[in-house]
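J.: Take a look at this one; I'll ask things after.
Number of protein chains: 2
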Amino acid sequence: MQIRLGILGLGTVGSGVLDLLDRHRAFFRDSLGFEFPVTAHCSRSQASLDRFAGQAPFLTRDPLALVSRPDVDVVLELAGGEDAPRAWVEAAFAHGKHVITANKALLAKHGQDLFPLAERTGRFLLFEAAVGGGIPIIRTLQEAFIANDIHGLACIINGTCNYILTEMTQKKLSFQTALKDAQALGYAEADPSFDIEGTDSAHKVALLASLCYGKYVDYGSMSVEGITTLSDVDIAMAEEMGFAIKLLGVVSQDREGRIQANVYPALLEKKHQLATVEGVLNAVFLKTSAVGAILLTGAGAGKLPTASSVVSDLVSLARQLATGNPKVQPMGFFSSRNRADLRPIDELETEFYLRLTAVDKPGVLAKVTAILGEEGISIRALVQKPEHDPERVPVIFLTHSTKNSNVRRALKRIDALDIIQAPTQVLRFYR
Amino acid sequence: MQIRLGILGLGTVGSGVLDLLDRHRAFFRDSLGFEFPVTAHCSRSQASLDRFAGQAPFLTRDPLALVSRPDVDVVLELAGGEDAPRAWVEAAFAHGKHVITANKALLAKHGQDLFPLAERTGRFLLFEAAVGGGIPIIRTLQEAFIANDIHGLACIINGTCNYILTEMTQKKLSFQTALKDAQALGYAEADPSFDIEGTDSAHKVALLASLCYGKYVDYGSMSVEGITTLSDVDIAMAEEMGFAIKLLGVVSQDREGRIQANVYPALLEKKHQLATVEGVLNAVFLKTSAVGAILLTGAGAGKLPTASSVVSDLVSLARQLATGNPKVQPMGFFSSRNRADLRPIDELETEFYLRLTAVDKPGVLAKVTAILGEEGISIRALVQKPEHDPERVPVIFLTHSTKNSNVRRALKRIDALDIIQAPTQVLRFYR
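These protein sequence lines map, in sequence, to chains A and B. Just so we're aligned: the first sequence equals residues 36 to 466 in this note's numbering. Just so we're aligned: the second sequence equals residues 36 to 466 in this note's numbering.
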């Protein structure tokens, strides 16, 4: 059986897909009975089109010209972006094409319209590559754990952040130095804010949470914190306590069915399986009703891992198309009509790590502890770090479990004190 | 769409499946459009039949009576055994039923006949539950990593052994005490030999290796070592060196395409991801061409984890049946006509840990080191442990990387010396 491909985007992932299709061509044909000829390429860059010329008969710089071609059965949307690709996917469906995408930003922003549209038009919209690169987390949630309730999820889902945090820990680097190293190695973009502010993680966590609970989770209503304000003091303190700092996506459902989905840097005990996930690796830790706790760890990005997931979606799609009567899996729960009412982070109860930057003079601790007490926050430990600059002494409070709203109120008052020299760094414990 | 089930075996897994079908009935019906009425139960035990009476209209103690019923579409083979269930599965196919099984022993022994039979008769034979309990390793190999070559695999795939090794390490227990604890907790059978001798691991590793390389791997031609001869000295030495001892299934393919598949206790650096897998947990670590290294960890056995995989297979099957033209995935590579020519373990090259039990008198080390040297084995370290019994002193040699055949020949000579009081314990390093 022949399934003709139009490839939209010839960058890292697109070239990886061409590579894997080529390497496994004989296996797909001889063992599975599938051929995947590429009939059309589209790229913004003429240089990319030239580079892969000869591998597809039709070349264009216009995505809409590709998705409307009668000799394309499946569109691989590997170009990136948010709003422009929405129009391409809609046009692809209108022309009867199935779509496989690696684009989490597109799905996080427009999934609530695109998934219902796919269902109405009877077209597949597959996206294993959009979350966790080569880790098969989408099919695990959609298929393997179909007979499980997901009690909670915690994930390390942005390799750039995990690389920076690992470098800060292992080599005792500052955030800025670790970021520069990551940029030099190609692990971080020239403008890294999308990664280090947590936005990319939020896109992926929203998709995962939607799959976990069968309701559309809007990433815009999540609380999202990045790693830009972490200091070497935080890393060193975590080490001393036997903890690691990771940027986590944390999702959970309470007994009333209300969902929390947030992204924040968290302290994890070193013996927790997620704490051992280092460098650019990603990991998803699930707490499920039948299987219990399960962890998937692997390459969360990169040319071939991401391409591997695109091609695995393609083969799954081919197996459906081979039946002659493919059934699109209902994803109506991605519709904004079936929207999750997220519990605000203010209601989250955790233990907190608070690093204040204070002037070194008598009475500081009295003022701060008074405010914490008034806001109902119970202190578990207090550490003052030596610092040569008496104007900026790090003072770390560890709290017992308390509501986020209490901490927010307390810090509003504390950070307004004239003895406090910088916004307080907040970390939450994940247990 | 209605798919009628006949359940063969109402023990732990069977009752777990009934439980999950009940819990998720509304979701399967309303969200996926599937109903799974159970029309027939079969159990050897009248007590089990009585216990679940009322949940199925037809009850029998005769498996062949169940698999031949016209009101059964899919047989869930959850009874265990090796040879008897082969006849049931064959009869099920002959009567046009699809089969889902959790039975690794059956598939390891008879898969080379049953998979081709399934293909010829156009029936599905699904087995996610047979390896790794709730861990979705079968669909990961069959679907997610379809565009990868598998360079190697290492797995902790028997929870009984991993529990015993974890207890020996954490609580400094002897093998016998840890085994008794495992039996008391239901983690080990009254006759535990199937687990602790490595046979159960070998069944699962053979299935995984077959899937990795698209060739039938006969578990009978694997080298299989268990954990029964490990002593507290081995555990303590490993700890001192910063290593953990795990019973591993190890699979690899060399540049000439020849496959190694073996089961043996191995020393793993503590920072290796597999070393942190504790208690009854299972884990599969894969080295792949496109995705790189990936780890899946979770509950490898137990009522609901195993049942979860059975039901996930059922839903996947239902999705295929819903197309009206289901396509059985070709598994011809499980046929013994497409048999992997396993590389014998004698050709494996690793570093070794050898614990000799020697009489404490002068000249012992000279004799042993002479033999090791003559057999071409280079010694990396030597440790003599204090022991109150001078007739049985543990002497540990760590070797540089060397061929298994060299070690086998050397130990044949060493263990024949009158100064050696017990067979030498062999451990291999896994890096």
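Just so you know, even glycine gets a beta-carbon here, dropped at the ideal spot from N, CA and C.
Between the segment 365-372 of chain A and the segment 419-428 of chain A, can you find at least three pairs of beta-carbon atoms closer than 8 Å?
T.: no
J.: By how many angstroms is the C-alpha of Lys-239/A removed from the C-alpha of Thr-74/A?
T.: Taking the first sequence and counting its residues from 1, the one referred to as residue 74/A is at position 39. Taking the first sequence and counting its residues from 1, the one referred to as residue 239/A is at position 204. Thr-74/A and Lys-239/A: Cα-Cα distance of roughly 31 Å.
J.: When you compare each of Pro-300/B, Ile-38/B, Thr-263/B to Ser-228/B by their alpha carbons, which one comes out closest?
T.: Sequence index remark: in the second sequence, residue 228/B carries index 193 (1-based). The option with the nearest alpha carbon to Ser-228/B is Thr-263/B.
J.: Pick from Arg-463/B, Tyr-388/B, Asn-441/B, Tyr-465/B: whose alpha carbon is nearest that of Pro-429/B?
T.: Position 394 of the second sequence holds residue 429/B. Of Arg-463/B, Tyr-388/B, Asn-441/B, Tyr-465/B, the residue nearest in Cα terms is Tyr-388/B.
J.: If you count every other CB in all the chains shown that lies within 10 Å of the CB of Pro-92/A, and 16 or more means buried, which is it?
T.: Taking the first residue of the first sequence as position 1, residue 92/A is located at position 57. So Pro-92/A counts as exposed.
J.: Kindly indicate which three-state DSSP category Val-48/B falls into: helix, strand or coil?
T.: In the second sequence, the residue the question calls residue 48/B occupies position 13. Helix at Val-48/B.
J.: Does DSSP classify Val-394/B as helix, strand or coil?
T.: For the purposes of this step, residue 394/B is identified with residue 359 of the second sequence, where counting begins at 1. Coil, per DSSP.
J.: Can you give the Cα-Cα distance for Ile-185/A and Gly-292/A, rounded to whole angstroms?
T.: The count along the first sequence starts at 1 and reaches residue 185/A at position 150. The count along the first sequence starts at 1 and reaches residue 292/A at position 257. Rounded to the nearest angstrom, the two C-alpha atoms are 11 Å apart.
J.: When you compare each of Lys-338/B, Thr-204/B, Arg-444/B, Asp-85/B to Leu-55/B by their alpha carbons, which one comes out closest?
T.: By 1-based counting over the second sequence, the position of residue 55/B is 20. That would be Lys-338/B, whose Cα lies nearest to the Cα of Leu-55/B.
J.: Check the DSSP bridge columns for Tyr-254/A and list the partner residues they point to.
T.: Numbered from its first residue, the first sequence carries residue 254/A at position 219. Paired residue(s): none; Tyr-254/A is not in a bridge.
J.: Going by DSSP in three states, Lys-34/A sits in which element: helix, strand or coil?
T.: Residue 34/A lies beyond the residue range present for chain A, which begins at 36 and ends at 466; the question has no answer from this structure.
J.: Taking DSSP as the reference, what is the three-state secondary structure of Leu-383/B?
T.: What you label residue 383/B is simply residue 348 of the second sequence in a count that begins at 1. DSSP places Leu-383/B in coil when its eight states are reduced to three.
J.: Give the residues from the segment 321-342 of chain B that approach chain A closer than 7 Å (Cβ to any Cβ), ordered along the chain.
T.: Ala-325, Val-326, Gly-327, Ala-328, Ile-329, Leu-330, Leu-331, Thr-332, Gly-333, Ala-334, Leu-339, Pro-340, Ala-342
J.: Taking the alpha helix (DSSP H) that Arg-155/B falls in, what are its first and last residues?
T.: As a first step, residue 155/B is located in the second sequence; it is residue number 120 there, counting from the start. First-last of the alpha helix (DSSP H) with Arg-155/B: 139-156.
J.: Please classify His-435/B as buried or exposed, where buried requires at least 16 neighbouring CB atoms within 10 angstroms.
T.: Within the second sequence, numbered from 1, the residue matching residue 435/B stands at position 400. Exposed.
J.: Starting from Glu-202/B, trace the alpha helix (DSSP H) in both directions and tell me its first and last residue.
T.: Taking the second sequence and counting its residues from 1, one reaches residue 202/B at position 167. Here the alpha helix (DSSP H) through Glu-202/B covers 194-205.
J.: Indicate the three-state DSSP secondary structure (helix, strand or coil) for Asn-297/A in the structure shown.
T.: Stepping through the first sequence from its first residue, residue 297/A is reached at position 262. Correct three-state label for Asn-297/A: strand.
J.: Where does Arg-415/B sit, in a helix, a strand or coil, going by DSSP?
T.: Counted from its first residue, the second sequence places residue 415/B at position 380. Strand at Arg-415/B.
J.: Can you look up Gly-367/A in the DSSP assignment and give me helix, strand or coil?
T.: As a first step, residue 367/A must be located in the first sequence, where it is residue number 332. Gly-367/A falls in the helix class under three-state DSSP.
J.: What residues from chain B crowd round Arg-174/A, counting only those whose CB sits closer than 9 Å?
T.: Here the question's residue 174/A lines up with position 139 in the first sequence. Residues of chain B passing the Cβ test: Pro-171, Arg-174, Thr-175, Glu-178, Ala-179.
J.: With DSSP as the reference, please indicate the residues paired to Ala-75/A in a beta bridge.
T.: Taking the first residue of the first sequence as position 1, residue 75/A is located at position 40. In the DSSP output, where bridge partners are listed per residue, Ala-75/A has Gly-41/A, Phe-93/A.
J.: Would the beta-carbon of Ile-192/A fall within 9 Å of that of Ala-217/A?
T.: Taking the first sequence and counting its residues from 1, the one referred to as residue 192/A is at position 157. Taking the first sequence and counting its residues from 1, the one referred to as residue 217/A is at position 182. With contacts defined as CB atoms closer than 9 Å, Ile-192/A and Ala-217/A fail to qualify as a contacting pair.
J.: Cβ closer than 8 Å: which chain A residues qualify as neighbours of Ala-308/B?
T.: One-based indexing of the second sequence puts residue 308/B at position 273. According to the sequence displayed, residue 308/B carries Gln and not Ala. Correct list: Thr-311, Thr-332.
J.: Any contact of the segment 346-361 of chain A with the segment 156-165 of chain A, i.e. 3+ C-beta pairs under 8 Å?
T.: At 8 Å Cβ cutoff, the stretches touch.
J.: Have a look at His-307/B and Leu-176/B and give me their C-alpha separation to the nearest angstrom.
T.: Locating residue 307/B in the second sequence gives position 272, where the first residue counts as 1. Locating residue 176/B in the second sequence gives position 141, where the first residue counts as 1. About 22 Å.
J.: Helix, strand or coil: which one does DSSP assign to Pro-340/B?
T.: Position 305 of the second sequence, counted from the start, is the residue given in the question as residue 340/B. Reduced to three states, the DSSP call for Pro-340/B is helix.
J.: Taking the beta strand (DSSP E) that Gln-460/B falls in, what are its first and last residues?
T.: Your numbering for residue 460/B matches position 425 in the second sequence. Taken as a continuous stretch (DSSP letters only), the beta strand (DSSP E) holding Gln-460/B covers 455-465.
J.: What are the complete alpha helix (DSSP H) segments, minimum 4 residues, inside the segment 255-333 of chain B?
T.: 267-276
J.: Would you kindly report the start and end of the unbroken beta strand (DSSP E) that includes Phe-432/A?
T.: As a working mapping, residue 432/A is identified with position 397 in the first sequence. Here the beta strand (DSSP E) through Phe-432/A covers 428-434.
J.: Report yes or no: is there a C-beta of chain A within less than 9 Å of the C-beta of Cys-418/B?
T.: Walking along the second sequence from the start, residue 418/B turns up at place 383. The sequence shown places Val at residue 418/B, rather than the Cys named in the question. So no, Val-418/B is outside the interface.
J.: Note down, one range per segment and in chain order, each alpha helix (DSSP H) of at least 4 residues found wholly within the segment 97-127 of chain A.
T.: You should have 98-102.
J.: Give the interface partners of Asn-60/B over in chain A, defined as CB-CB distance under 9 Å, in chain order.
T.: As a position in the second sequence, residue 60/B is number 25, starting the count at 1. The question names Asn, but residue 60/B is Arg in the sequence shown. Those within 9 Å of Arg-60/B in chain A number zero; the least Cβ separation is about 11 Å.
J.: For chain A, find out if any of its Cβ atoms is closer than 9 Å to the Cβ of Phe-93/B; answer yes or no.
T.: Sequence index remark: in the second sequence, residue 93/B carries index 58 (1-based). Interface annotation, Phe-93/B: not in contact with chain A, CB-CB separation never under 9 Å.
J.: If distances are taken between C-alpha atoms only, which option among Ala-273/A, Ser-287/A, Asp-289/A comes closest to Pro-300/A?
T.: By one-based count along the first sequence, residue 300/A stands at place 265. The shortest C-alpha separation from Pro-300/A is found at Ala-273/A.
J.: Tell me whether Ile-135/B sits in a helix, a strand or coil according to DSSP, three-state version.
T.: Taking the first residue of the second sequence as position 1, residue 135/B is located at position 100. In this structure, Ile-135/B counts as strand in the three-state DSSP scheme.
J.: With a threshold of 16 other CB atoms inside 10 Å of the CB of Ser-343/B, please say whether the residue is buried or exposed.
T.: Position 308 of the second sequence, counting from 1, holds the residue named residue 343/B. Buried is the call here.
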